[in-house]
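Undergrad: Here's a structure for you.
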Amino acid sequence: MPYIHNSLSQDTIAVADSLFVMLQKEKTIFRSCNYFDLSSSPAVTRGSDRMKVVDWCYSIIDNTQFDRETVAIAMNMVDRFLSKLNKSTVKQQTMIDHQHFQLLSIAALYISIKINESVALGSDEVARATLGGHSAKDIEAMELTILQVLDWQIWAPTSIQMAHHILSFLLPHVNLEKSTWDFILGEVRFQTEHAVRDHYFSTQLQSTVAVAAIFNALDRVDLQFCQDILCEVLLEMDEESFASNGILLDARNRLNLCLD
Numbered sequence: 055m056p057y058i059h060n061s062l063s064q065d066t067i068a069v070a071d072s073l074f075v076m077l078q079k080e081k082t083i084f085r086s087c088n089y090f091d092l093s094s095s096p097a098v099t100r101g102s103d104r105m106k107v108v109d110w111c112y113s114i115i116d117n118t119q120f121d122r123e124t125v126a127i128a129m130n131m132v133d134r135f136l137s138k139l140n141k142s143t144v145k146q147q148t149m150i151d152h153q154h155f156q157l158l159s160i161a162a163l164y165i166s167i168k169i170n171e172s173v174a175l176g177s178d179e180v181a182r183a184t185l186g187g188h189s190a191k192d193i194e195a196m197e198l199t200i201l202q203v204l205d206w207q208i209w210a211p212t213s214i215q216m217a218h219h220i221l222s223f224l225l226p227h228v229n230l231e232k233s234t235w236d237f238i239l240g241e242v243r244f245q246t247e248h249a250v251r252d253h254y255f256s257t258q259l260q261s262t263v264a265v266a267a268i269f270n271a272l273d274r275v276d277l278q279f280c281q282d283i284l285c286e287v288l289l290e291m292d293e294e295s296f297a298s299n300g301i302l303l304d305a306r307n308r309l310n311l312c313l314d
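Residues 55 to 314 in my numbering are what the sequence shown lists, from first letter to last.
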């Protein structure tokens with residue numbers, strides 16, 4: 055009997071239905087833009103600052119032994135929040151002031167922990183993690199602002215969720231060893247976690263990150279036949295559901311930089 059990784063599903067019909075919903079929502083409700091380009095102010099906060107904040111969030115999650123996907127959910131909130139605000143006063147403050155950007159990210163992480171983890175952290179605990187940078191009152195106030203701006207649309211599909219759905223389509227067609235599945239899933243998780251750090255990927259669809267990471271991982275174990283199977287399956291779903299070959303190639307090349 056072939057090994058089935060516990061993060062994948064053999065029910066490909068249910069997987070296809072769930073993935074279809076994710077693909078629709080990522081193009082509408084959960085879409086972000088390059089908000090750095092939209093800022094008319096002399097913004098100080100840039101992609102490198104965003105990366106530092108993501109790394110800080112990962113350190114908090116690692117120390118509490120939470121799932122790193124929680125950070126992906128949080129940063130999706132941050133990116134959509136700033137994309138929606140356009141030229142508002144709150145956005146200008148956030149883009150100019152590192153402290154405001156950090157507060158936004160911390161509040162988003164606070165929300166993400168609440169909805170994604172079995173054990174929540176209190177606002178006072180999160181505030182202590184900032185070493186006096188922000189108070190519990192500040193975090194709670196920003197939490198409410200985020201929820202209002204996003205209309206409580208906070209459960210965005212992540213690239214790792216989509217990757218697991220897409221990889222489930224391989225199960226009926228391949229018989230891979232446990233070590234091979236572990237390697238593939240580990241590589242995909244590593245790349246998708248890295249993508250959260252890179253502002254470039256916040257402007258891409260999560261499905262683009264997922265597919266790029268999967269094909270990069272399959273390349274590393276020389277499983278061309280798996281790539282061929284996935285190509286056929288994804289094309290059967292809907293040719294327009296996924297990014298073009300050119301966009302996917304750009305994403306693959308950018309993700310490959312973190313593997314070198």
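Cβ coordinates follow ideal geometry from the N, Cα and C atoms, glycine included.
Since the model is a prediction, treat every value here as computed from it, not as a measurement.
Specify the secondary structure class of ASP116 as computed by DSSP and reduced to three states.
TA: In the structure shown, ASP116 sits in a helix (DSSP, three-state: H, G or I).
Undergrad: VAL203 lies in the alpha helix (DSSP H); which residues open and close that run?
TA: Here the alpha helix (DSSP H) through VAL203 covers 190-203.
Undergrad: Spell out a yes or no on whether the segment 122-129 and the segment 161-170 are touching, meaning 3 or more CB-CB pairs, one atom from each, closer than 8 Å.
TA: Yes, the segment 122-129 touches the segment 161-170.
Undergrad: Would you check if the distance between the CB atom of PHE124 and the CB atom of ILE83 is smaller than 8 Å?
TA: Just to set this straight, residue 124 is Thr in the shown sequence, not Phe. Result no, Cβ atoms of THR124 and ILE83 do not sit closer than 8 Å.
Undergrad: Short check: CB of PRO211 to CB of LYS79, under 8 Å?
TA: Taking 8 Å as the Cβ cut-off, PRO211 and LYS79 qualify as a contacting pair.
Undergrad: Rounded to whole angstroms, how far is the Cβ of VAL263 from the Cβ of SER213, which I believe are closer than 8 Å?
TA: Indeed, because the Cβ distance is near 4 Å, the residues count as touching under 8 Å.
Undergrad: Under the assumption that TRP209 contacts ILE169 (Cβ atoms under 8 Å), give the Cβ distance between them as a whole number of angstroms.
TA: Sure, about 7 Å apart at Cβ, within 8 Å.
Undergrad: Closest to ASP346 by CA distance: which of ALA183, PHE135 and ILE67 is it?
TA: Since the first residue of the chain shown is 55 and the last is 314, residue 346 is not available in this structure.
Undergrad: Go through the segment 234-310 residue by residue and report every complete run of the beta strand (DSSP E) that reaches 3 residues or more, in order.
TA: Correct list: empty.
Undergrad: Report all residues from its chain with a CB closer than 8 Å to the CB of TYR254; omit the five preceding and five following residues, and keep chain order.
TA: Within the same chain, TYR254 has close Cβ partners GLY101 and ARG308.
Undergrad: What separation, rounded to the nearest whole angstrom, lies between the Cα atoms of ASP109 and GLN119?
TA: Between ASP109 and GLN119, the C-alpha separation is close to 15 Å.
Undergrad: Taking 7 Å as the limit between beta carbons, can you name the residues of its chain near GLN260, skipping five residues before and five after?
TA: Correct list, in chain order: GLU80, PRO211, THR212, SER213 and MET216.
Undergrad: Could you tell me whether the segment 238-251 touches the segment 285-296, where touching means 3 or more Cβ pairs closer than 8 Å?
TA: Flag = no, the segment 238-251 and the segment 285-296 do not touch.
Undergrad: Give me, in chain order, the residues of the same chain whose beta-carbon lies closer than 8 Å to that of SER298; leave out the 5 immediate sequence neighbours on both sides.
TA: Nothing meets the Cβ criterion.
Undergrad: Can you name, in chain order, every residue of its own chain whose Cβ lies under 6 Å from the Cβ of LEU272, other than the five neighbours on each side?
TA: Result list for LEU272: CYS280 and GLN281, in chain order.
Undergrad: In whole angstroms, what separates the C-alpha of TYR57 from that of ARG306?
TA: Only weak support exists for where TYR57 lies, its pLDDT of 49 falling under 50; the coordinates are left without a value.
Undergrad: Along the alpha helix (DSSP H) that carries VAL132, what are the first and last residues, could you check?
TA: VAL132 -> alpha helix (DSSP H) spans 123-139.
Undergrad: Comparing alpha-carbon positions, which option in GLN64, LYS138, HIS152 and VAL203 lies nearest GLY187?
TA: Here the closest residue by C-alpha is HIS152.
Undergrad: Check whether the Cβ atoms of ALA267 and THR234 sit closer than 8 Å, and answer yes or no.
TA: It is not a contact, given that the beta carbons lie outside the stated cut-off.
Undergrad: Run through DSSP, which three-state label would ASN170 get?
TA: It is helical.
Undergrad: At which residues does the alpha helix (DSSP H) containing ASP178 begin and terminate?
TA: Run containing ASP178: 177-183, per the alpha helix (DSSP H) assignment.
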